[in-house]
Amino acid sequence: MSTKDGGRSTHVRNGYRPNHFFDDWVFMGPIRLEDPLYPGESRKVNVAFIDVKELREKLIVGQEWRIQEGGHIVGKGIITNIGTLID
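Here this note's numbering runs 336 ahead of the position in the sequence shown, where the first position is 1.
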């Protein structure tokens, strides 16, 4: 999400830990990046979600979710592939 559309004003690096909102559920998981991700950029990334039952039910290819810092939406994600969840 671009800064002018309400996204971050600075880039994020490997290990960035925003809140991930699926409907009204919030989940944690760092975003894995090889290179910094700048405001307005789109890229395929890996998110290392912690495995919880409520999240497993929401992980469906094509599902969108909100990426937030507190109550502020800074981006969105779309599931393109589901790998292994972290216990």
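Cβ atoms here follow ideal geometry from the backbone N, Cα and C, with glycine treated the same way.
Element boundaries [beta strand (DSSP E), containing E400]: Working through the sequence shown from its first residue, we reach residue 400 at position 64. Taken as a continuous stretch (DSSP letters only), the beta strand (DSSP E) holding E400 covers 400-405.
Close Cβ partners of I415 (< 7 Å) along its chain, the five nearest in sequence each way excluded: The residue labelled residue 415 in the question sits at position 79 within the sequence shown. L395, I396, V397, G398, Q399, listed in sequence order.
K412 (DSSP reduced to helix, strand or coil): Translated into the one-based positions of the sequence shown, residue 412 becomes position 76. It is a strand residue.
For K412 and E377, the rounded distance between their alpha carbons: Within the sequence shown, numbered from 1, the residue matching residue 377 stands at position 41. Within the sequence shown, numbered from 1, the residue matching residue 412 stands at position 76. Here the C-alpha atom of E377 lies approximately 11 Å from the C-alpha atom of K412.
CB contact flag (H356, I403, <9 Å): By 1-based counting over the sequence shown, the position of residue 356 is 20. By 1-based counting over the sequence shown, the position of residue 403 is 67. Yes.
Same chain, Cβ closer than 7 Å to G365, neighbours up to 5 away in sequence not counted: The residue labelled residue 365 in the question sits at position 29 within the sequence shown. Within the same chain, and ignoring the five residues on either side of G365 in sequence, the residues whose Cβ sits closer than 7 Å to its Cβ are H356, V383, A384, F385, I386.
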